[in-house]
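K.L.:
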Amino acid sequence: MSEKLYTVGKIVNTHGIRGELKIVPQTDFLEERFAKGSKLVFFNPENGDTLPVIVESSRDHKNMIIVRFQGYNNINEVEKYKGWLLKVEEQYLSELGNDEFYYHEIIGCRVFTEEGEELGTISEILSPGANDVWVVERSAGKPLLLPYIDEVVLKVDAEQKRVTVHLMEGLLDL
1 MSEKLYTVGK IVNTHGIRGE LKIVPQTDFL EERFAKGSKL VFFNPENGDT LPVIVESSRD
61 HKNMIIVRFQ GYNNINEVEK YKGWLLKVEE QYLSELGNDE FYYHEIIGCR VFTEEGEELG
121 TISEILSPGA NDVWVVERSA GKPLLLPYID EVVLKVDAEQ KRVTVHLMEG LLDL
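Numbering (our numbering), first residue to last: 1 to 174.
1. Helix, strand or coil: how does DSSP classify arginine 110 here?
2. Start and end of the beta strand (DSSP E) containing arginine 59?
3. Run through DSSP, which three-state label would valine 163 get?
4. Return the first residue and the last residue of the beta strand (DSSP E) that isoleucine 65 is part of.
5. Note down the Cα distance separating asparagine 76 from tryptophan 134, rounded to an integer number of angstroms.
6. Cutting at 8 Å between CB atoms, please list the residues of its own chain near valine 152, excluding the five before and the five after it.
7. Using 8 Å for Cβ pairs, my map puts leucine 21 next to valine 78. What's the rounded Cβ distance?
8. Starting from asparagine 76, follow the alpha helix (DSSP H) in both directions and report where the run begins and ends.
9. Who are the Cβ neighbours of leucine 174 in its own chain at under 7 Å, not counting the five residues just before and after it?
10. Under the assumption that valine 24 contacts lysine 10 (Cβ atoms under 8 Å), give the Cβ distance between them as a whole number of angstroms.
11. What did DSSP end up calling tyrosine 6 once you bin it into helix, strand or coil?
12. Helix, strand or coil: how does DSSP classify glutamate 90 here?
13. Please work out which residues of its chain come closer than 8 Å, Cβ to Cβ, to proline 143, disregarding the five sequence neighbours upstream and downstream, and give them in chain order.
14. Tell me which residue opens and which closes the alpha helix (DSSP H) that glutamate 32 is part of.
15. Below 8 Å on the Cβ atoms is my contact criterion, and I expect glutamate 41 with lysine 80 to pass it. Report the Cβ-Cβ distance as a whole number of Å.
16. Alpha carbons only, please: which of Val156, Ile17, Val55 and Lys82 is nearest the one belonging to glutamate 46?
17. Given a threshold of 16 other Cβ atoms within 10 Å of its Cβ, counted over all protein chains shown, does serine 58 qualify as buried or as exposed?
18. May I have the straight-line CA-CA distance separating phenylalanine 106 from tryptophan 84, to the nearest angstrom?
19. So, for aspartate 113: in the same chain, excluding its five sequence neighbours on each side, which residues have a beta-carbon less than 8 Å away from its beta-carbon?
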């Protein structure tokens, strides 16, 4: 498979006996990624094996997505995929508007204050509610949690992997 693959979720468990899988989503386009007919790829992180799959059905379930894939109707057929990642091929990524980014474009970006001080690197994106929260790993101290709101995130340069932020009072409690 020569296409670049981007992670959209992690298969954490089976659900019931009819071949459904519990997925922890790692994408901000859930409706699109897990829509019926969506083409995804099972990816084994241990050896790089891939298996193309097509979404049959999906539904939200306690911060996870329960997904059934075409051709898989039994727990025994899907159990071996626990721990695998779910990926999407680059060709299926949608064009985004200005100020919209894919997770893979943000993770790994270095974060700087308006004054140019480097704060750390974005390691993950959380989606707890109204807005995403970017987790910034720092060289010392606890990770910094940055809300993805206009007042905080001033500029994102995905090409240069650089994010400029305004630290509102209380964000940087060391």
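Every residue, glycine too, gets a C-beta built ideally from N, C-alpha and C.
P.N.:
Quick look at the numbers:
1. Sequence index remark: in the sequence shown, residue 110 carries index 110 (1-based). Assignment of arginine 110 by DSSP, reduced to helix, strand and coil, places it in the strand class.
2. Locating residue 59 in the sequence shown gives position 59, where the first residue counts as 1. Where arginine 59 is concerned, the enclosing beta strand (DSSP E) stretches over 50 to 61.
3. Taking the sequence shown and counting its residues from 1, one reaches residue 163 at position 163. Note: valine 163 maps to strand in three-state DSSP.
4. To locate residue 65, count along the sequence shown from 1; it is residue 65. Looking at the DSSP string, the run of the beta strand (DSSP E) that includes isoleucine 65 is 64 to 69.
5. Indexing the sequence shown from 1 puts residue 76 at position 76. Indexing the sequence shown from 1 puts residue 134 at position 134. Within the model, the alpha-carbon separation for asparagine 76 versus tryptophan 134 is close to 37 Å.
6. For the purposes of this step, residue 152 is taken as the residue at position 152 of the sequence shown. Taken in chain order, the residues that qualify are Leu146, Val165, His166, Leu167, Met168 and Leu171.
7. Counting from one through the sequence shown, the residue named residue 21 turns up at place 21. Counting from one through the sequence shown, the residue named residue 78 turns up at place 78. Indeed, because the Cβ distance is near 6 Å, the residues count as touching under 8 Å.
8. Here residue 76 is taken as the residue at index 76 of the sequence shown, counted from 1. Start and end: 75 to 78.
9. The residue labelled residue 174 in the question sits at position 174 within the sequence shown. Low local confidence applies: a pLDDT of 45 at leucine 174 is under 50, so the model's placement there is unreliable, with the coordinate-based value given in what follows. Gly141.
10. Here residue 24 refers to the residue found at position 24 when the sequence shown is read from its first residue. Here residue 10 refers to the residue found at position 10 when the sequence shown is read from its first residue. Taking the Cβ atoms as the reference, valine 24 lies roughly 5 Å from lysine 10, within the contact range of under 8 Å.
11. Position 6 of the sequence shown, counted from the start, is the residue given in the question as residue 6. Three-state DSSP puts tyrosine 6 in a strand.
12. Taking the first residue of the sequence shown as position 1, residue 90 is located at position 90. Looking at glutamate 90 - three-state DSSP - the assignment turns out to be helix.
13. Counting from 1 along the sequence shown, the entry for residue 143 is found at position 143. Cβ within range, chain order: Gly120, Ser123, Val135, Val136 and Glu137.
14. Within the sequence shown, numbered from 1, the residue matching residue 32 stands at position 32. Here the alpha helix (DSSP H) through glutamate 32 covers 30 to 33.
15. Taking the first residue of the sequence shown as position 1, residue 41 is located at position 41. Taking the first residue of the sequence shown as position 1, residue 80 is located at position 80. The amino acid at residue 41 is misidentified as glutamate; the sequence shows valine. With a Cβ gap of about 15 Å, valine 41 and lysine 80 do not count as contacting.
16. Translated into positions along the sequence shown, residue 46 becomes position 46. For the residues Val156, Ile17, Val55 and Lys82, the minimum Cα distance to glutamate 46 belongs to Lys82.
17. In the sequence shown, residue 58 corresponds to position 58, counting from 1. Buried, since its Cβ has 16 or more Cβ neighbours within 10 Å.
18. The sequence position of residue 106 within the sequence shown is 106, counting from 1. The sequence position of residue 84 within the sequence shown is 84, counting from 1. Reading off the sequence shown, one finds isoleucine at residue 106, where the question assumed phenylalanine. Looking at the two C-alpha atoms, the distance is approximately 22 Å.
19. Here residue 113 refers to the residue found at position 113 when the sequence shown is read from its first residue. As written in the sequence, residue 113 is threonine, which differs from the aspartate given in the question. Within the same chain, threonine 113 has close Cβ partners Leu119, Thr164, Val165, His166 and Leu167.
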